[in-house]
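Undergrad:
Numbering (the numbering used here), first residue to last: -11 to 112.
(1) With a threshold of 8 Å on Cβ separation, who are the neighbours of residue 56 within its own chain once the five nearest residues in sequence on each side are excluded?
(2) At the level of alpha carbons, what is the spacing between residue 11 and residue 91?
(3) Is the beta carbon of residue 29 less than 7 Å from the beta carbon of residue 8?
(4) Please determine, among 104, 78 and 66, the residue with the shortest C-alpha to C-alpha distance to residue 15.
(5) Taking Cβ to Cβ, would you say residue 110 is nearer than 7 Å to residue 68?
(6) Going by DSSP, which residues form a beta bridge with residue -7?
(7) Where residue 37 and residue 60 are concerned, what is the direct C-alpha to C-alpha distance, given to the nearest angstrom?
(8) Alpha carbon to alpha carbon, how far is residue 94 from residue 81? Give it in angstroms, no decimals.
(9) Starting from residue 92, follow its DSSP beta bridges and name the residues at the other end.
(10) Roughly how many whole angstroms lie between the Cα atoms of residue 103 and residue 17?
(11) Residue 31 to residue 50, Cα distance in whole Å?
The structure is reproduced here in C-alpha coordinates:
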(Lines of atoms letter the chains of each structure in order from A and count residues from 1; the text may use other names and numbers.)
(Lines give C-alpha, C1' and ligand atoms only; values in the text may rest on other atoms or scores of the structure.)
Protein backbone atom coordinates (compact mmCIF):
# COMPACT_ATOMS: atom_id res chain seq x y z
CA UNK A 1 0.00 0.00 0.00
CA UNK A 2 2.39 2.65 1.17
CA UNK A 3 3.91 4.59 4.01
CA UNK A 4 1.72 5.42 7.01
CA UNK A 5 2.54 8.73 8.69
CA UNK A 6 1.36 9.89 12.09
CA UNK A 7 0.16 13.48 11.99
CA UNK A 8 -0.75 15.80 14.87
CA UNK A 9 -3.07 14.25 17.43
CA UNK A 10 -4.29 10.74 16.70
CA UNK A 11 -4.54 11.37 12.96
CA UNK A 12 -2.71 9.20 10.43
CA UNK A 13 -2.14 9.79 6.74
CA UNK A 14 -0.86 7.52 4.02
CA UNK A 15 1.60 8.05 1.19
CA UNK A 16 0.69 5.58 -1.57
CA UNK A 17 3.65 3.79 -3.17
CA UNK A 18 3.05 5.76 -6.38
CA UNK A 19 3.46 9.06 -4.50
CA UNK A 20 6.92 8.35 -3.01
CA UNK A 21 9.18 9.17 -5.97
CA UNK A 22 8.83 10.46 -9.54
CA UNK A 23 11.24 8.00 -11.13
CA UNK A 24 11.81 4.96 -8.92
CA UNK A 25 9.30 2.23 -8.07
CA UNK A 26 7.56 2.73 -4.73
CA UNK A 27 8.46 -0.81 -3.66
CA UNK A 28 12.13 0.18 -3.91
CA UNK A 29 11.80 3.63 -2.34
CA UNK A 30 9.78 2.49 0.68
CA UNK A 31 12.75 0.38 1.83
CA UNK A 32 14.64 3.62 2.55
CA UNK A 33 12.20 4.59 5.31
CA UNK A 34 12.23 3.33 8.89
CA UNK A 35 9.68 3.51 11.68
CA UNK A 36 10.10 6.81 13.53
CA UNK A 37 11.61 8.71 10.57
CA UNK A 38 10.52 12.35 10.30
CA UNK A 39 9.33 13.13 6.77
CA UNK A 40 7.79 16.06 4.91
CA UNK A 41 4.70 15.33 2.85
CA UNK A 42 2.06 17.27 0.96
CA UNK A 43 -1.65 16.72 1.64
CA UNK A 44 -3.17 15.47 -1.62
CA UNK A 45 -6.70 14.61 -0.52
CA UNK A 46 -8.89 14.48 2.58
CA UNK A 47 -11.85 12.07 2.53
CA UNK A 48 -13.93 12.85 5.61
CA UNK A 49 -16.44 10.05 4.99
CA UNK A 50 -13.76 7.34 4.77
CA UNK A 51 -11.58 9.12 7.35
CA UNK A 52 -8.55 9.04 5.05
CA UNK A 53 -5.82 11.56 4.38
CA UNK A 54 -3.76 10.98 1.24
CA UNK A 55 -0.24 12.37 1.32
CA UNK A 56 2.52 12.69 -1.25
CA UNK A 57 6.28 12.98 -0.90
CA UNK A 58 7.27 13.17 -4.56
CA UNK A 59 5.07 16.23 -5.01
CA UNK A 60 7.57 18.24 -2.94
CA UNK A 61 10.27 17.67 -5.59
CA UNK A 62 10.44 18.72 -9.23
CA UNK A 63 9.26 16.19 -11.80
CA UNK A 64 12.35 16.53 -14.00
CA UNK A 65 11.36 13.59 -16.18
CA UNK A 66 7.88 15.01 -16.79
CA UNK A 67 9.33 18.44 -17.55
CA UNK A 68 11.81 16.95 -20.03
CA UNK A 69 9.05 14.92 -21.70
CA UNK A 70 6.75 17.96 -21.98
CA UNK A 71 9.53 20.07 -23.48
CA UNK A 72 10.22 17.45 -26.15
CA UNK A 73 13.68 16.76 -24.74
CA UNK A 74 12.67 13.14 -24.06
CA UNK A 75 10.26 11.10 -26.13
CA UNK A 76 9.20 7.48 -26.36
CA UNK A 77 11.69 5.24 -28.19
CA UNK A 78 14.45 7.88 -28.07
CA UNK A 79 17.94 6.43 -27.63
CA UNK A 80 19.81 8.01 -24.72
CA UNK A 81 23.20 7.49 -23.10
CA UNK A 82 23.07 6.63 -19.40
CA UNK A 83 25.62 6.32 -16.62
CA UNK A 84 24.91 3.54 -14.12
CA UNK A 85 24.89 5.07 -10.63
CA UNK A 86 23.37 2.17 -8.69
CA UNK A 87 22.82 -1.57 -9.10
CA UNK A 88 19.85 -3.15 -7.32
CA UNK A 89 18.10 -6.52 -7.54
CA UNK A 90 15.13 -4.89 -9.27
CA UNK A 91 17.18 -2.98 -11.86
CA UNK A 92 19.53 -0.05 -12.31
CA UNK A 93 19.63 3.54 -11.10
CA UNK A 94 20.95 5.60 -14.01
CA UNK A 95 21.73 9.23 -14.88
CA UNK A 96 21.02 10.46 -18.39
CA UNK A 97 24.28 11.93 -19.66
CA UNK A 98 22.80 14.83 -21.66
CA UNK A 99 20.29 16.10 -19.09
CA UNK A 100 21.53 14.82 -15.72
CA UNK A 101 18.08 13.34 -15.02
CA UNK A 102 18.23 10.35 -12.69
CA UNK A 103 15.82 7.48 -13.23
CA UNK A 104 15.40 3.73 -12.77
CA UNK A 105 15.51 0.97 -15.40
CA UNK A 106 13.50 -2.06 -14.32
CA UNK A 107 15.19 -5.46 -14.52
CA UNK A 108 12.64 -6.61 -17.13
CA UNK A 109 13.62 -3.65 -19.37
CA UNK A 110 17.35 -4.45 -19.39
CA UNK A 111 17.05 -6.99 -22.21
CA UNK A 112 14.49 -8.87 -24.26
CA UNK A 113 16.43 -12.05 -23.47
CA UNK A 114 15.37 -13.15 -19.99
CA UNK A 115 18.83 -14.62 -19.29
CA UNK A 116 20.35 -11.17 -19.83
CA UNK A 117 17.98 -9.39 -17.41
CA UNK A 118 20.60 -9.49 -14.67
CA UNK A 119 21.46 -6.14 -13.07
CA UNK A 120 24.66 -7.65 -11.64
CA UNK A 121 26.12 -7.53 -15.18
CA UNK A 122 26.57 -3.80 -14.61
CA UNK A 123 28.97 -1.95 -12.31
CA UNK A 124 29.03 1.52 -10.83
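In this text, a Cβ means the ideal position worked out from N, Cα and C, and glycines have one as well.
TA: According to the data block:
(1) Residues of the same chain with a CB within less than 8 Å of the CB of residue 56, apart from the 5 flanking positions on each side, are 62, 87 and 89 in chain order.
(2) When rounded, the separation of the alpha-carbon atoms in residue 11 and residue 91 is 5 Å.
(3) If you check the CB distance, residue 29 and residue 8 do not come in under 7 Å.
(4) Closest by C-alpha distance to residue 15, out of 104, 78 and 66, is 78.
(5) Not closer than 7 Å, so no.
(6) BP columns for residue -7 point to 1.
(7) Straight-line spacing of the CA atoms in residue 37 and residue 60 works out to 42 Å.
(8) Residue 81 and residue 94: Cα-Cα distance of roughly 9 Å.
(9) Paired residue(s): 81.
(10) So the alpha carbons of these two residues sit roughly 26 Å apart.
(11) Between the alpha carbons of residue 31 and residue 50 lies a distance of about 16 Å.
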